[in-house]
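Working notes, beginning with the structure itself.
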Amino acid sequence: MSPVSDSTNRVIPGPQETEEKIYHPSDGLFTDAHVPDFDAYLAIYKKSTEEPEEFWADVAQEFYWKKPPSGQMLQYNFDVNKGNIYIKFMEGAKTNICYNVLDRNVHERNLGEKVAYYWEGNSPTHHQTITYIQLLRSVCRCANALKLLGVKKGDRVAIYLPMIPELVYTMLACARIGAVHSIVFAGFSSESLCERIMDAQCNILVTADGVYRGDKLINLKKIASEALERCKESMDLCVQKCVVVRHHAFRTNSDASNKLQTPWDESCDIWWDDLMEGVSDECEPEWMDSEDPLFILYTSGSTGKPKGVVHTVTGYMLYTSLTFKYVFDYHHDDVYWCTADIGWITGHSYITYGPLANSATSVLFEGVPVYPHVGRLWEIIEKYGVSKFYTAPTAIRLLMKYGREPLQRFDLSSLRVLGTVGEPINPEAWLWYYDVVGQQRCPVIDTFWQTETGGHVLTPLPAATPLKPGSATCPFFGVQPAILNEHGEELEGEAEGYLVFRKPWPGIMRGVYGNQERFESTYFRKFPGFYVTGDGCRRDKDGYYWITGRIDDMLNVSGHLLSTAEVEAALTEHPSVAEAAVVSRPHTVKGECLYCFVTLKDHKEFNRTLMEELKRKVREKIGPIATPDFIQNAPGLPKTRSGKIMRRVLRQIARNEKDLGDLSTLADPKVVEVLFSQRCEAAA
Ligand code: PRX
Numbered sequence: 000m001s002p003v004s005d006s007t008n009r010v011i012p013g014p015q016e017t018e019e020k021i022y023h024p025s026d027g028l029f030t031d032a033h034v035p036d037f038d039a040y041l042a043i044y045k046k047s048t049e050e051p052e053e054f055w056a057d058v059a060q061e062f063y064w065k066k067p068p069s070g071q072m073l074q075y076n077f078d079v080n081k082g083n084i085y086i087k088f089m090e091g092a093k094t095n096i097c098y099n100v101l102d103r104n105v106h107e108r109n110l111g112e113k114v115a116y117y118w119e120g121n122s123p124t125h126h127q128t129i130t131y132i133q134l135l136r137s138v139c140r141c142a143n144a145l146k147l148l149g150v151k152k153g154d155r156v157a158i159y160l161p162m163i164p165e166l167v168y169t170m171l172a173c174a175r176i177g178a179v180h181s182i183v184f185a186g187f188s189s190e191s192l193c194e195r196i197m198d199a200q201c202n203i204l205v206t207a208d209g210v211y212r213g214d215k216l217i218n219l220k221k222i223a224s225e226a227l228e229r230c231k232e233s234m235d236l237c238v239q240k241c242v243v244v245r246h247h248a249f250r251t252n253s254d255a256s257n258k259l260q261t262p263w264d265e266s267c268d269i270w271w272d273d274l275m276e277g278v279s280d281e282c283e284p285e286w287m288d289s290e291d292p293l294f295i296l297y298t299s300g301s302t303g304k305p306k307g308v309v310h311t312v313t314g315y316m317l318y319t320s321l322t323f324k325y326v327f328d329y330h331h332d333d334v335y336w337c338t339a340d341i342g343w344i345t346g347h348s349y350i351t352y353g354p355l356a357n358s359a360t361s362v363l364f365e366g367v368p369v370y371p372h373v374g375r376l377w378e379i380i381e382k383y384g385v386s387k388f389y390t391a392p393t394a395i396r397l398l399m400k401y402g403r404e405p406l407q408r409f410d411l412s413s414l415r416v417l418g419t420v421g422e423p424i425n426p427e428a429w430l431w432y433y434d435v436v437g438q439q440r441c442p443v444i445d446t447f448w449q450t451e452t453g454g455h456v457l458t459p460l461p462a463a464t465p466l467k468p469g470s471a472t473c474p475f476f477g478v479q480p481a482i483l484n485e486h487g488e489e490l491e492g493e494a495e496g497y498l499v500f501r502k503p504w505p506g507i508m509r510g511v512y513g514n515q516e517r518f519e520s521t522y523f524r525k526f527p528g529f530y531v532t533g534d535g536c537r538r539d540k541d542g543y544y545w546i547t548g549r550i551d552d553m554l555n556v557s558g559h560l561l562s563t564a565e566v567e568a569a570l571t572e573h574p575s576v577a578e579a580a581v582v583s584r585p586h587t588v589k590g591e592c593l594y595c596f597v598t599l600k601d602h603k604e605f606n607r608t609l610m611e612e613l614k615r616k617v618r619e620k621i622g623p624i625a626t627p628d629f630i631q632n633a634p635g636l637p638k639t640r641s642g643k644i645m646r647r648v649l650r651q652i653a654r655n656e657k658d659l660g661d662l663s664t665l666a667d668p669k670v671v672e673v674l675f676s677q678r679c680e681a682a683a
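Right, here's the structure in full:
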């Protein structure tokens, strides 16, 4: 394999056979691959970085343009010293992403009868098949209904729905009429929902009456109503109408429905079915400028306040479509399944936009991996003949615990590619996925990316990239990674440091909603001229990238980013708590979990009731994903003389690492001894 230089003369040599085991694509599995081998990958990568204008112009030809791209393909500034940061891609061209992912499939490609989604409910008895023509009609009905409610181009629509088809209808309906969707994961609390609604000033909220997650009933409308009440209390009720989907599970089951006791406000709430009645299933799309916003998606920020990441129409469309095609080596007879929730970026990019742009058939799954039995995922793979499967390391680690037996009951021979996303995958989980799920036949594609990147940025390609367990391997087309040291100096060859990108690719975020300053300070100020991911990274001698985890105050619980500041703010809201510090601790299933140190106010007692109250507080403020696993009483916290909490020391206490290194900057070293003596062994 010959070394090839990219446009910046950095070498991507390709993997050498060394002492570490490298996994090669199975013979015969990818005879028709889009990228057949590593040399082909290098050639396409070279073109994408040396001639980006031509490269992306070719990609753009696959799409429908109301006004074709002309003039400059890409304009940007990544250097805060040279003025505002901005990225513009094919500005001036006009298109509509909904039209591209639906109408073209139905009217140009004649794929109206092709299945777009196999929807599989939480209960195995609930399922539905949705073809492209049915999807187009449902989306148009929803688009017209939103218009009836007064929604116009540029308006923000909050969507707080479980994984039901109406979630896809609503997001695509927004895209069709030029409204900006802001989807809030339906596991977030009323407070989180309210904060996001207010930040984006949404005027419509779409939710459901309730949902079952496993056997747990969740009264979604109640949470949504509480969120709206909160907005009202803050004198900031921007939402004028709340559209409520009656969930399948409650349509025929009056017992379950009674349990919900759906709160109702006649002046605001309206049932989805009533709204859709008699509405036309045809709707002319709104033709959008390439750089018009498509959606806002909130992600945790290290200050505690979530950031509204903004993506725009064309760059996101091209990038999610292209990555989907190549990273999963998608072909028309594939059945693809991504187990993520659409409430996160993975679902936006790789359940909705990327697959539909490729006319794919996908599984849309509402349930959880272990309900009603621990083989549910394998059962669904067999049921639909899934060939491309994309999940999170946390799900793999959870299912590993049940051993091979649940898999042996099902036929998994349809599988060809296995993907993972969301957090570093430990080699043990990688190997289990490869050996037991993929039966040593399917490559494991470890995709590194972020809400901000819009799509995969470091990733193997199934037939082309020899794999190393735990490495996200090489950059995707058009992506130019670099590794910097603390001083911002670029490191060559084998190196470890900050992972940054030197140039934009079409799918990168365009800003933080309503806050240019935060956009620049979070991603561009530390190292002018680069987009800073916030992740640490190592490059090995073969040029492969290994993500080493976050290097800011963020932690990754079950593939979801949380900010320690956000959890600390929730804890200190409790009247007994004077101060709190939160760090991560490794967890066998979740990857990382929350270990909280709390200092109580004078005369307050640390007991089980308090611990329960603190956990409830965090759940209420953020959501169940942020529930602390460990809460330790901390009579004092290790601080520097200037009063800064030394989190490094707290992390070591949480992990029971006795060798604490240099403690000379601590104001009171005795605190450490006390904290060690009281550390939690078992989860709270
Ligand atoms: O720390 C990295 C981790 O998840 C972060 C992005 O989180 P979020 O914006 O919620 O998006 C998750 C889904 C794309 C990253 O900064 N991360 C994501 N994928 C990987 C990963 N860490 C290691 N390996 C990955 N494959």
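Numbering (numbering that gives the first Met the number 0), first residue to last: 0 to 683. Note that CB positions come from ideal geometry on N, CA and C, so glycine has one too. All values reported here derive from a predicted model rather than from experimental measurement.
Quick check: does the Cβ of residue i come within less than 7 angstroms of any heavy atom belonging to ligand 2?
i, result
"Asn555", "Among the ligands in the structure shown, ligand 2 does not appear; only ligand 1 can be found there."
Expressed to the nearest angstrom, what Euclidean distance is found between the alpha-carbon atoms of residue i and residue j?
i, j, result
"Glu619", "Ala255", "24 angstroms"
"Arg501", "Thr345", "23 angstroms"
"Val10", "Ile84", "Bear in mind that the predicted position of Val10 carries a pLDDT of just 46, short of 50, making it too unreliable to give a figure here."
"Val334", "Val156", "31 angstroms"
"Pro305", "Tyr297", "6 angstroms"
"Thr7", "Pro585", "With a pLDDT of 42 at Thr7, under the threshold of 50, the modelled position of this residue cannot be trusted; read the value that follows with caution. If I take the Cα positions, the gap works out to 38 angstroms."
"Lys221", "Ile196", "16 angstroms"
"Val420", "Ile621", "23 angstroms"
"Val3", "Glu50", "The pLDDT assigned to Val3 is 38, lower than 50, so where the model puts this residue is not dependable; a value taken from the coordinates is nonetheless given after this. If you take the alpha carbons of Val3 and Glu50, they lie about 15 angstroms apart."
"Pro461", "Cys441", "8 angstroms"
"Ser1", "Leu466", "Confidence at Ser1 is low in this model, with a pLDDT of 30, below 50, so its placement is unreliable and the value that follows should be read with caution. For Ser1 and Leu466, the distance between alpha carbons rounds to 18 angstroms."
"Gly513", "Ser562", "20 angstroms"
"Ser676", "Arg549", "28 angstroms"
"Ser663", "Leu593", "27 angstroms"
"His23", "Pro637", "49 angstroms"
"Met610", "Phe596", "11 angstroms"
"Val511", "Leu166", "24 angstroms"
"Glu565", "Val617", "9 angstroms"
"Glu119", "Glu112", "19 angstroms"
"Ile482", "Arg403", "39 angstroms"
"Cys246", "Asp208", "Before going on, a small fix: residue 246 reads as His here, not Cys. So the two alpha carbons sit approximately 6 angstroms from each other."
"Pro161", "Leu274", "19 angstroms"
"His330", "Val416", "12 angstroms"
"Asp235", "Ala223", "15 angstroms"
"Glu612", "Ile158", "29 angstroms"
Beta strand (DSSP E) containing residue i: first to last residue?
i, result
"Gly535", "530-538"
"Met553", "553-556"
"Ser361", "360-364"
"Leu192", "Element bounds for Leu192: not the beta strand (DSSP E) but the alpha helix (DSSP H), 189-199."
"Ala339", "Element bounds for Ala339: n/a, residue is neither H nor E."
"Lys215", "215-217"
"Phe605", "Careful: Phe605 lies outside any beta strand (DSSP E) and carries neither H nor E."
"Ser562", "559-562"
"Ala481", "480-483"
Based on the DSSP output, what are the partners of residue i in its beta bridges?
i, result
"Ile158", "Ile182, Val205"
"Pro474", "Leu457"
"Asn76", "Tyr85"
"Cys592", "Arg584"
"Gly496", "Cys536"
"Asn109", "DSSP, once it has assigned bridges, lists no residue as partnering Asn109."
"Arg212", "Lys215"
Residue i lies in the alpha helix (DSSP H); which residues open and close that run?
i, result
"Ile132", "131-147"
"Ala56", "51-59"
For this session: For the region 238-298, list the alpha helix (DSSP H) runs that are entirely contained and at least 4 residues long, ordered along the chain.
Result: 247-250, 253-259, 271-275
Exercise. Below 8 angstroms, can you find three or more Cβ-Cβ pairs linking the region 564-572 to the region 527-537?
Worked result: no
For this session: Pair every Cβ in the region 272-291 with every Cβ in the region 424-437, then say whether three or more of these pairs are closer than 8 angstroms.
Result: no
Problem set entry | Cβ contact (3+ pairs, closer than 8 angstroms) linking the region 88-105 and the region 227-238 | no
Exercise. Mind pulling the beta strand (DSSP E) runs of 3 or more residues that sit fully within the region 363-444?
Worked result: 387-390, 416-420
Problem set entry | Minimum length 3: unbroken beta strand (DSSP E) runs contained in the region 300-355 | 306-311, 334-337
Exercise. Do the region 362-379 and the region 178-195 touch if we need at least three Cβ pairs shorter than 8 angstroms?
Worked result: no
Exercise. Touching or not, the region 402-414 and the region 356-365, by the rule of three or more beta carbon pairs under 8 angstroms?
Worked result: no
For this session: Decide yes or no for the touch test of the region 538-554 against the region 280-291: beta carbon pairs closer than 8 angstroms, at least 3 of them.
Result: no
Exercise. Any contact of the region 299-319 with the region 191-206, i.e. 3+ C-beta pairs under 8 angstroms?
Worked result: yes
For this session: Kindly confirm or deny that the region 257-266 and the region 145-156 touch, where touching means at least three C-beta pairs closer than 8 angstroms.
Result: no
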